[in-house]
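In terms of our numbering, the sequence shown opens at residue 19 and continues consecutively. For each residue, glycine too, the CB sits at the ideal point set by N, CA and C. A short write-up of the structure that comes next.
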Amino acid sequence: MMIIMFHKPVMLKEAIDSLEIKGSGVYVDLTFGGGGHSKEILQRINDDGRLIAFDQDESAIKNKID
19 MMIIMFHKPV MLKEAIDSLE IKGSGVYVDL TFGGGGHSKE ILQRINDDGR LIAFDQDESA
79 IKNKID
């Protein structure tokens with residue numbers, strides 16, 4: 019039996035708002051996980067902005083953001 023787990027980020031808006039994201043900024047997510055924080059950052063940056071994401075967990079690395 020395969021168990022699928024999903025982590026919903028707690029206080030996502032507050033965490034992302036505290037970054038004061040600039041559209042053309044460069045951001046690094048060192049705990050990509052399910053991609054919740056990265057997805058929110060991607061929605062706030064423009065074509066000049068960059069997001070670089072890492073995770074030590076190989077299963078998290080295989081996650082993608084739609």
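DSSP has residue i in a bridge; who is on the other side?
{"i": "residue 68", "result": "44"}
Helix, strand or coil for residue i, going by three-state DSSP, please let me know.
{"i": "residue 77", "result": "helix"}
Just how far apart, CA to CA, sit residue i and residue j?
{"i": "residue 46", "j": "residue 70", "result": "5 angstroms"}
{"i": "residue 43", "j": "residue 61", "result": "13 angstroms"}
{"i": "residue 74", "j": "residue 52", "result": "12 angstroms"}
{"i": "residue 28", "j": "residue 34", "result": "11 angstroms"}
{"i": "residue 67", "j": "residue 78", "result": "23 angstroms"}
Considering just the uninterrupted stretch of the alpha helix (DSSP H) at residue i, what are its terminal residues?
{"i": "residue 30", "result": "30-35"}
{"i": "residue 58", "result": "54-62"}
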